[in-house]
Amino acid sequence: MTLDEVLNKPKMKGVTRYSIGVGDGILKNLDATEEMMQIADPGKYYNVSSYRALNDIVSSLERGIIGTKDPGTEIAFVLDGSGSIQDDDFQKAKDFIYNVMSNVWKTCFDCNFAIVQYGSLIRTELLLLDNEDRAGSLLKVKQIKQIYNLTKTASAINHVLTDIFIPEKGSKNNTAKIIIVLSDGEILGDPMTLDEVLNKPQMKGVTRYSIGVGDGILKKPSAIKEMMQIADPGKYYSVSSYGALNDILSSLEREIIGTEGDSVTTTVLQIN
């Protein structure tokens, strides 16, 4: 195989490449030097006289690696606050969101959260900009008051696109974006349809999850279909009750962080 073959593969797109040439076999051989420079991105080729001299480039290479920073992840919870949800169940939904945020932040320092609640109206409960004060953000979760009445799920998802994932509200163009819809039933009284919002250009690149809770979803095929339409393939969760949300806590956290197993420490708290 040649370098041209591998470096021009589609899978190489977005990969940052460094090369380190060591000793006379590189430094005194023009072809070898050109080869190492071809491997590396511009400005990312190092050379040293010997393996012992590798320590001379340690700090420079470390700065290069650290400077290649993950732009982060923005996660918007879309929280059903309609009238079908009992007060204690709404509290459990808040507990769940609180725990996801606090657990994810233990590992993902560049993860930022927003919360949109919906019922008869759509209300922003937490902005991405608020995440600069993490303790304050968690306090805002505790202070969320239920809206009640209708179930404007599509409009709430649209609100994330128009009022949350925008630069003016702290969103960055190059971040990964996630929407998580948490609901106990079908859309009711919403002037907008799921087809409208899910096919918007702004939705491109956004990863979508949905969590269906209780019999209002699980025993109603049309509600299940709706929740599965909201979610990307394989990203629909269902639980029997709001009390069972903790059963999916660690799984959802791993999905957000993009890690496996014991990289996530899951703590379950009640915040009321």
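If you want this note's numbering, it's the 1-based position in the sequence shown plus 287.
Glycine included, every Cβ here is placed at the ideal spot set by N, Cα and C.
Everything numeric in this text was worked out from a predicted model, so none of it was measured.
{"Check": "Report yes if the CB atom of residue 334 is closer than 8 angstroms to the CB atom of residue 313, and no otherwise.", "Outcome": "yes"}
{"Check": "Which one or two residues does DSSP pair with residue 306 in a beta bridge?", "Outcome": "332"}
{"Check": "Please check the pair residue 457 and residue 415, which I expect to be a contact at CB under 8 angstroms, by giving their CB distance rounded to whole angstroms.", "Outcome": "4 angstroms"}
{"Check": "Going by Cα to Cα distance, which pick from 515, 520, 466 and 293 is closest to residue 384?", "Outcome": "466"}
{"Check": "Measure the Cβ-Cβ separation of residue 399 and residue 359 and say whether it is below 8 angstroms.", "Outcome": "yes"}
{"Check": "Taking the C-alpha atoms as reference points, what is the distance between residue 451 and residue 310?", "Outcome": "53 angstroms"}
{"Check": "In chain order, what residues of the same chain have a beta carbon less than 7 angstroms from the beta carbon of residue 480, not counting five sequence neighbours either side?", "Outcome": "441"}
{"Check": "Which residues in the same chain have their Cβ closer than 6 angstroms to the Cβ of residue 513, if we skip the five residues on either side of it in sequence?", "Outcome": "473"}
{"Check": "Assuming the contact rule is C-beta atoms closer than 8 angstroms, residue 498 and residue 391 should be a hit. Round their C-beta distance to whole Å, please.", "Outcome": "Going by Cβ atoms, the distance from residue 498 to residue 391 rounds to 16 angstroms, so no, they are not a contact pair."}
{"Check": "Drop a sphere of 10 angstroms on the beta-carbon of residue 352, count the other beta-carbons inside from all chains shown, and report buried for 16 or more, exposed for fewer.", "Outcome": "exposed"}
{"Check": "Nearest by alpha-carbon distance to residue 517: which of 469, 432, 325 and 297 is it?", "Outcome": "469"}
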